[in-house]
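Number 106 in the numbering used here belongs to position 104 of the sequence shown; there are no gaps in the numbering.
Where is the CB? At the ideal position from N, CA and C, for every residue including glycine.
Owing to the predicted nature of the structure, the values given are computational and were not obtained by experimental measurement.
So the structure is just underneath, and the comments pick up after that.
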Amino acid sequence: MNSENILNILAIGDIVGRAGRKILHNRLQGLVDLYAIDYVIANGENAAGGMSITPAIVSELLSMGINVITSGNHIWDKKEVLKIINNEPSLLRPANFPEGNSGNGYKIDNCRGVKVCVINLQGRSMMAPIDCPFRKFDEIYNEVKDISDIIIVDFHAEATSEKKAFGWYADGRVSAVFGTHTHVQTSDEEILPEGTGYITDIGMTGAFNSVIGMNKEQSIQRFLTQVKVKYEVASGNPKINGIIMKIDQKGKTMSLQRLIV
Ligand SMILES: [Fe+2]
Ligand SMILES: [Fe+2]
């Protein structure tokens with residue numbers, strides 16, 4: 003832990019395929035050392051070939067020092083994920099998928115004596131009409147608030163408005179809300195009036211010589227032809243996008259800083 007009982011928590015934006023995993027292999031440990039990071043959250047919904055994640059990639063990411071892998075709409079794209087999603091507590095899927103789905107939507111970890119709860123939710127604007135993320139949040143919040151010191155939400159959503167609304171909705175109840183899914187980092191990080199750190203999107207970790215991590219020629223073809231041309235993960239100009247939050251052991255966020263490596 004850093005000085006004066008402040009935890010430094012790193013959140014990494016959507017890891018896209020091999021390019022994303024490779025730069026994390028090369029750079030994550032250095033970042034952890036440089037910023038004295040205590041806890042690492044990473045969104046892994048695109049970690050396997052741009053879609054979903056596999057048991058082997060979950061092990062690979064956890065072995066790099068990632069403490070919890072959040073996800074989003076692509077989590078179900080690879081069937082292998084079902085083999086582990088019920089018994090790997092460090093792999094989350096959005097909590098507001100309807101009942102009957104496998105997996106867990108939140109996790110509480112003990113990080114140097116501080117209870118850190120990470121909740122994964124997914125928006126509904128321009129996305130699948132799953133259960134209400136606001137009401138699901140209330141339900142989980144009531145379960146975890148007395149047994150967690152720090153609560154952080156990965157709100158995986160397309161619409162800026164839905165993410166902003168959720169930030170206000172959770173303000174004062176959680177330490178931080180960060181958005182994922184668009185793969186483009188926004189520069190609107192702030193501490194909301196009741197103390198919750200907020201950013202609309204933390205960006206992506208992968209090849210930036212691309213359209214949101216995927217091969218740009220294939221993407222252009224899709225837009226030109228309106229046919230679902232197969233996407234492949236891009237390579238070239240790899241970057242890590244994320245944020246570093248400084249949060250005290252009572253859950254108060256001191257700062258939320260964007261990171262581009
Ligand atoms: Fe994504
Ligand atoms: Fe997504």
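Measuring CB to CB, does residue i end up less than 7 Å from residue j?
| i | j | result |
| --- | --- | --- |
| Asn98 | Pro135 | yes |
| Ile153 | Val176 | yes |
| Asn88 | Ser73 | no |
| Gln251 | Asn69 | no |
| Ile204 | Phe180 | yes |
| Thr207 | Gly15 | yes |
| Gly22 | Val42 | no |
Hey, could you find the ends of the beta strand (DSSP E) residue i is sitting in?
| i | result |
| --- | --- |
| Arg260 | Thr255 to Ile262 |
| Asp156 | Ile152 to His158 |
| Val118 | Val116 to Gln124 |
Let's see if you can read the secondary structure: which residues bound the alpha helix (DSSP H) around residue i?
| i | result |
| --- | --- |
| Asp35 | Gly19 to Leu36 |
| Lys165 | Thr162 to Ala172 |
| Leu93 | Leu93 -> no alpha helix (DSSP H), and no H or E assigned at all. |
| Leu63 | Pro57 to Ser65 |
Taking 6 Å as the line, does the beta carbon of residue i fall inside it for any heavy atom of ligand 2?
| i | result |
| --- | --- |
| His185 | no |
| Glu164 | no |
| Asn88 | no |
| Gly74 | yes |
When the Cα of residue i is compared with those of the options, which residue comes out closest?
| i | options | result |
| --- | --- | --- |
| Cys313 | Gly253, Val263, Leu258 and Pro131 | One cannot answer for residue 313 here, as it falls past the ends of the chain, which runs 3 to 263. |
| Gln240 | Leu84, His158 and Val213 | Rather than Gln, the amino acid found at residue 240 in this sequence is Pro. Checking every option, the nearest Cα to that of Pro240 belongs to Val213. |
| Leu25 | Glu82, Asn122 and Asn243 | One point to set straight first is that residue 25 is Ile, not Leu, in the sequence displayed. The candidate whose alpha carbon is nearest that of Ile25 is Asn243. |
| Ile193 | Tyr143, Gln259 and Ile39 | Gln259 |
| Asp156 | Gly197, Ala44 and Lys248 | Ala44 |
Have a look at the DSSP bridge pairing and note the partners of residue i.
| i | result |
| --- | --- |
| Pro240 | Ala209 |
| Thr182 | His158 |
| Gly199 | Ala178 and Ile193 |
| Ile142 | Its beta-bridge partners do not exist; DSSP assigns none. |
| Cys134 | Answer by DSSP bridge pairing: none, since Cys134 is not bridged. |
For residue i, is the beta carbon positioned less than 6 Å from some heavy atom of ligand 1?
| i | result |
| --- | --- |
| Glu234 | no |
| Glu47 | yes |
| Asp16 | yes |
Can a CB atom of chain D be found closer than 7 Å to the CB of residue i?
| i | result |
| --- | --- |
| Asn103 | Here chain D cannot be found, since the structure has a single protein chain. |
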